[in-house]
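Asker: In this note's numbering, the protein residues as written are 37 to 455.
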Amino acid sequence: MTDDSRFYALYLTRFATGFGLVTLSTLLPFYINIFDPSGLVVGLFISGFTIAQTVAVVPLAWAGDRYDKRDVLLFSLVVSLVAYLGFAAISIFDGASLEFILVRGIQGIAVTGSGLMSLSMVGELAAHDERANYIGKANAWRFAAAILGGISAGLLYEQFGFTPIYALIVALMAIATVGVWFSLEPDDTRIEGFPFSDLALNDRILTLTGFRAQYAVAVTLVRTWVPIYAGVAAAQGGLGYTEAGLAVAVVLTSEKLTNMLLQPYTGTLSDRFGRSLFVLVGGTMYAVVAVLVPFSPAVGAALNLPAVYPIVGELSAAFPVLVGLNMLLGIADSFREPASMALFADEGTDGAGVASSFGVRELVWRPGSVGAPMLGGFLMTQVGMQWVFFVGGASAFTGVLTFFGSLWYTQGAGAITEW
37 MTDDSRFYAL YLTRFATGFG LVTLSTLLPF YINIFDPSGL VVGLFISGFT
87 IAQTVAVVPL AWAGDRYDKR DVLLFSLVVS LVAYLGFAAI SIFDGASLEF
137 ILVRGIQGIA VTGSGLMSLS MVGELAAHDE RANYIGKANA WRFAAAILGG
187 ISAGLLYEQF GFTPIYALIV ALMAIATVGV WFSLEPDDTR IEGFPFSDLA
237 LNDRILTLTG FRAQYAVAVT LVRTWVPIYA GVAAAQGGLG YTEAGLAVAV
287 VLTSEKLTNM LLQPYTGTLS DRFGRSLFVL VGGTMYAVVA VLVPFSPAVG
337 AALNLPAVYP IVGELSAAFP VLVGLNMLLG IADSFREPAS MALFADEGTD
387 GAGVASSFGV RELVWRPGSV GAPMLGGFLM TQVGMQWVFF VGGASAFTGV
437 LTFFGSLWYT QGAGAITEW
């Protein structure tokens, strides 16, 4: 049995990093209102973060495998402290857009490093037959941070402004840094050379990346457009909940909540019954549920569900259906995510380099996550918003078919329950 006490600092790291990331995402509209930037600068508020993340993946993953992962994680947490102190300084000294973009880039490096190293160390410390369970627990802490950060950020800003929020995040990061320093022993695993080149030719990694590249399109489209679908006017193909921001928040939180609650348990089951099987089940379920999202008004009407709800007021009969479908999306991803992460960890801990394995996982996600929003915008304006979900569901399904076919061809039929 793996000793849980070694993981507490890593869980706290996942929580602190997730809380800071979601809080900044929630506060972005307030910064846009304050700075009143051009469209290009607004884009840089987002892309500056993403570009920094992408550039940081390979060197940080290489350093984690070549040297001490604990040291790289501590470095990333210190960079996080610098980033959030920078955000606080901008709010105190009335910084401008350029400073904000610079600090967003620093935040992107920090988020990438802490995410890669915390996952790598969880995967490396966990026993093989418990790996998905422990990864699921680590992810549950991240989802808890996303829920709390998303709910609290706007409320705290309205009451106290930016500075106390960053003081809270800095305190969390400092506690996480101290926890890693005192709770984790130095990592003595050393991988020579450049592990990415070996992993690029690994049959199992290729099987996983063939699925993940397509699944990135599906998840980015669906996660991005569920709140858009809930909030935009009916004339644009949405449900028009703009006046009830709480309703949109409930829809968003429902997916994170089921994902958070179930990942440790689905991870345990995938350790027992086969991780590949859970990737297939989760991916297929996600595809089916995504396609059903545009039919939520028809389902609500057919079930004669109420259109008025306490606190939020008049919405539509589609509201509980949309919440239920988003909960199912969270359940689907709870099957897929810990199992998929554990498979990447398996390949890395076999000597190929666990940090680099997670680095490959991160890089493969990037093209879909960058290109999918542009595809979604085209589909929404040119052929109808429902096609965003149809294409998202189709991308998940083709990813599942690719994974199944590649797995069968390279590993044999038994790999579905054995790998």
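Quick reminder that beta carbons are idealized off the backbone N, C-alpha and C, glycines included.
Could you name the residues of the same chain whose beta carbon sits closer than 6 Å to that of G185, not counting the 5 residues immediately before and after it, in chain order?
Answerer: Taking the first residue of the sequence shown as 1, we reach residue 185 at position 149. Cβ within range, chain order: F55, V58 and T59.
Asker: Could you pull out every residue in the same chain whose Cβ sits closer than 6 Å to the Cβ of G215, ignoring the five residues on either side in sequence?
Answerer: Working through the sequence shown from its first residue, we reach residue 215 at position 179. Excluding positions up to five away in sequence, the list reads A45 and L48.
Asker: I think T304 touches E160, with their Cβ atoms under 8 Å apart; what is that distance to the nearest whole Å?
Answerer: Looking up residue 304 in the sequence shown gives position 268. Looking up residue 160 in the sequence shown gives position 124. Actually they do not touch by this definition, with Cβ atoms about 19 Å apart.
Asker: Count the other CB atoms within 10 Å of the CB of L208; is the residue buried (16 or more) or exposed (fewer)?
Answerer: Walking along the sequence shown from the start, residue 208 turns up at place 172. Per the 10 Å Cβ criterion, buried.
Asker: For the alpha helix (DSSP H) that contains I227, what are its first and last residues?
Answerer: What you label residue 227 is simply residue 191 of the sequence shown in a count that begins at 1. That residue, I227, is in no alpha helix (DSSP H); it is neither H nor E in DSSP.
Asker: Along the chain, where does the alpha helix (DSSP H) that runs through A132 open and close?
Answerer: The residue you call residue 132 lines up with position 96 of the sequence shown. No alpha helix (DSSP H) holds A132; DSSP gives it neither H nor E.
Asker: Any Cβ of chain B within less than 9 Å of the Cβ of S393?
Answerer: No chain B appears in this structure, which consists of one protein chain only.
Asker: For A203, which option in E135, F123 and V139 has the closest C-alpha, if you only look at C-alpha atoms?
Answerer: In the sequence shown, residue 203 corresponds to position 167, counting from 1. Residue F123 is the option with its Cα nearest to A203.
Asker: What is the DSSP secondary structure of V258, reduced to helix, strand or coil?
Answerer: Looking up residue 258 in the sequence shown gives position 222. Residue state, collapsed to three classes: helix.
Asker: Grouping DSSP H, G and I as helix and E and B as strand, with all else coil, what is Y103?
Answerer: Residue mapping note: residue 103 aligns to position 67 of the sequence shown, counting from 1. Three-state result, Y103: coil.
Asker: As a quick exercise: from K105, M157, V359 and T90, pick the residue whose alpha carbon is nearest that of I142.
Answerer: As a position in the sequence shown, residue 142 is number 106, starting the count at 1. Per the Cα distances, T90.
Asker: I'd like to know if the region 101–114 and the region 210–228 are in contact, where contact means that at least 3 CB-CB pairs between them fall below 8 Å.
Answerer: Result yes; three or more Cβ-Cβ pairs closer than 8 Å.
Asker: Give the C-beta separation of A381 and R167 to the nearest angstrom, bearing in mind that I take them to be a contact with Cβ-Cβ under 8 Å.
Answerer: Here residue 381 is taken as the residue at index 345 of the sequence shown, counted from 1. Here residue 167 is taken as the residue at index 131 of the sequence shown, counted from 1. Yes, they are in contact, since the Cβ atoms of A381 and R167 sit about 6 Å apart, within 8 Å.
Asker: So who's on the other strand from G543, going by DSSP bridges?
Answerer: For residue 543 there is no data in the structure shown, the boundaries of the chain being 37 and 455.
Asker: Within its chain, find whatever has a CB closer than 8 Å to the CB of V359; leave out the 5 residues flanking it on each side and keep chain order.
Answerer: Mapped onto the sequence shown, residue 359 falls at position 323. Once the five neighbours on either side are set aside, the close Cβ partners of V359 are V286, V287 and S290.
Asker: Which of the three DSSP states is assigned to E221 in this structure?
Answerer: Indexing the sequence shown from 1 puts residue 221 at position 185. Three-state result, E221: coil.
Asker: Among the residues of its own chain, which have a CB less than 6 Å from the CB of A378, if the five just before and after it don't count?
Answerer: If you number the sequence shown from 1, residue 378 lands on position 342. These residues qualify, in order along the chain: R167, A168, I171 and R311.
Asker: Please classify M37: is it buried, with 16 or more other beta-carbons within 10 angstroms of its beta-carbon, or exposed?
Answerer: Counting from 1 along the sequence shown, the entry for residue 37 is found at position 1. In this prediction, M37 scores a pLDDT of 40, lower than 50, which makes its location untrustworthy; no coordinate-derived value is stated.
Asker: In this structure, does DSSP put V214 in helix, strand or coil?
Answerer: Within the sequence shown, the letter at position 178 stands for residue 214. The answer is helix: DSSP assigns V214 an H, G or I state.
Asker: G273 to T417, Cα distance in whole Å?
Answerer: Numbered from its first residue, the sequence shown carries residue 273 at position 237. Numbered from its first residue, the sequence shown carries residue 417 at position 381. Distance between the alpha carbons of G273 and T417 is about 10 Å.
Asker: Who pairs with G159 in a beta bridge, going by DSSP?
Answerer: Translated into the one-based positions of the sequence shown, residue 159 becomes position 123. The partner list for G159 (beta bridge, DSSP) is empty, contrary to what the question assumes.
Asker: What would DSSP say about G448, mapped onto helix, strand or coil?
Answerer: Indexing the sequence shown from 1 puts residue 448 at position 412. Note: G448 maps to coil in three-state DSSP.
Asker: Give the DSSP bridge partners of Y345, in chain order.
Answerer: Stepping through the sequence shown from its first residue, residue 345 is reached at position 309. Answer is G349, bridged to Y345.
Asker: Exposed or buried, which one is D307 when buried takes at least 16 other CB atoms within 10 Å?
Answerer: On the sequence shown, position 271 is the one that residue 307 refers to. Its Cβ being crowded by 16 or more others within 10 Å, D307 is buried.
Asker: In the DSSP assignment, find the alpha helix (DSSP H) that holds Q195 and state where it starts and stops.
Answerer: One-based indexing of the sequence shown puts residue 195 at position 159. First-last of the alpha helix (DSSP H) with Q195: R167 to F196.
Asker: Just how far apart, CA to CA, sit W261 and V327?
Answerer: Mapped onto the sequence shown, residue 261 falls at position 225. Mapped onto the sequence shown, residue 327 falls at position 291. About 12 Å.
Asker: Cβ of M321 within 9 Å of Cβ of L257?
Answerer: The residue given as residue 321 occupies position 285 in the sequence shown. The residue given as residue 257 occupies position 221 in the sequence shown. No, the Cβ-Cβ distance between M321 and L257 is not below 9 Å.
Asker: Going along the chain, which residues of its own chain have a beta-carbon closer than 6 Å to the beta-carbon of L5, five neighbours each way excluded?
Answerer: Because the chain is modelled from 37 through 455, residue 5 falls outside the range shown and cannot be assessed.
Asker: Give the C-beta separation of I126 and V139 to the nearest angstrom, bearing in mind that I take them to be a contact with Cβ-Cβ under 8 Å.
Answerer: The residue given as residue 126 occupies position 90 in the sequence shown. The residue given as residue 139 occupies position 103 in the sequence shown. The pair is a contact, with the Cβ atoms about 7 Å apart (cut-off 8 Å).
Asker: Among I183, S392, Q422 and A162, which has the Cα closest to the Cα of G149?
Answerer: Residue 149 sits at position 113 when you count from the first residue of the sequence shown. Among I183, S392, Q422 and A162, the Cα nearest to that of G149 belongs to S392.
Asker: Could you name the residues of the same chain whose beta carbon sits closer than 6 Å to that of A180, not counting the 5 residues immediately before and after it, in chain order?
Answerer: Position 144 of the sequence shown, counted from the start, is the residue given in the question as residue 180. Hits under 6 Å: M296.
Asker: Counting only runs that start and end within the region 349–434, where is the alpha helix (DSSP H) found for 4 or more residues in a row?
Answerer: Qualifying alpha helix (DSSP H) stretches, in chain order: 354–383 and 390–418.
Asker: Rounded to the nearest angstrom, what separates A353 and A119 at their Cα positions?
Answerer: For the purposes of this step, residue 353 is taken as the residue at position 317 of the sequence shown. For the purposes of this step, residue 119 is taken as the residue at position 83 of the sequence shown. The straight-line gap from Cα to Cα measures roughly 44 Å.
Asker: Quick one, which of S116, L76 and F198 has its alpha-carbon nearest T62's?
Answerer: For the purposes of this step, residue 62 is taken as the residue at position 26 of the sequence shown. Of the listed residues, the one whose Cα sits closest to T62 is F198.
Asker: Taking Cβ positions, are F440 and L316 nearer each other than 9 Å?
Answerer: Mapped onto the sequence shown, residue 440 falls at position 404. Mapped onto the sequence shown, residue 316 falls at position 280. Taking 9 Å as the Cβ cut-off, F440 and L316 qualify as a contacting pair.
Asker: Run through DSSP, which three-state label would G276 get?
Answerer: Looking up residue 276 in the sequence shown gives position 240. Of the three classes helix, strand and coil, the one that applies to G276 here is coil, per DSSP.
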